[in-house]
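In our numbering, the protein residues as written are 444 to 539.
Set out below in structure tokens:
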């Protein structure tokens, strides 16, 4: 049995690949967003559509970077919590 660290190292684990927001409200919000986006895009002149689409593409390129940074920070926080748990309370906090 391979370790989770080996799977992570060899690229067999990609948390973002399987991530889905498990909320019904999210799906409804996303559908509303798509309708609003499409409606807005149709209201623009062709040159404005092109410019807006380019702006959005640049914005979408930053999202994976933001998500990776948030994932890393959350992982660090979890590791710090585990270290604190394993270390136990400071000696001065132990009731004798």
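Yeah, the Cβ is synthetic: ideal placement off N, Cα and C, and Gly gets one too.
Which of helix, strand or coil DSSP assigns to residue i
{"i": "residue 482", "result": "helix"}
{"i": "residue 489", "result": "helix"}
{"i": "residue 502", "result": "helix"}
{"i": "residue 445", "result": "coil"}
{"i": "residue 454", "result": "coil"}
{"i": "residue 517", "result": "helix"}
{"i": "residue 473", "result": "helix"}
{"i": "residue 507", "result": "helix"}
{"i": "residue 466", "result": "coil"}
Residue i versus residue j - alpha carbon distance
{"i": "residue 446", "j": "residue 466", "result": "31 Å"}
{"i": "residue 523", "j": "residue 487", "result": "49 Å"}
Proximity test, Cβ basis, 7 Å: residue i and chain D
{"i": "residue 507", "result": "Chain labels in this structure do not include chain D; a single protein chain is all it has."}
Reference residue i; option with closest CA among the options
{"i": "residue 507", "options": "471, 462, 449, 448", "result": "462"}
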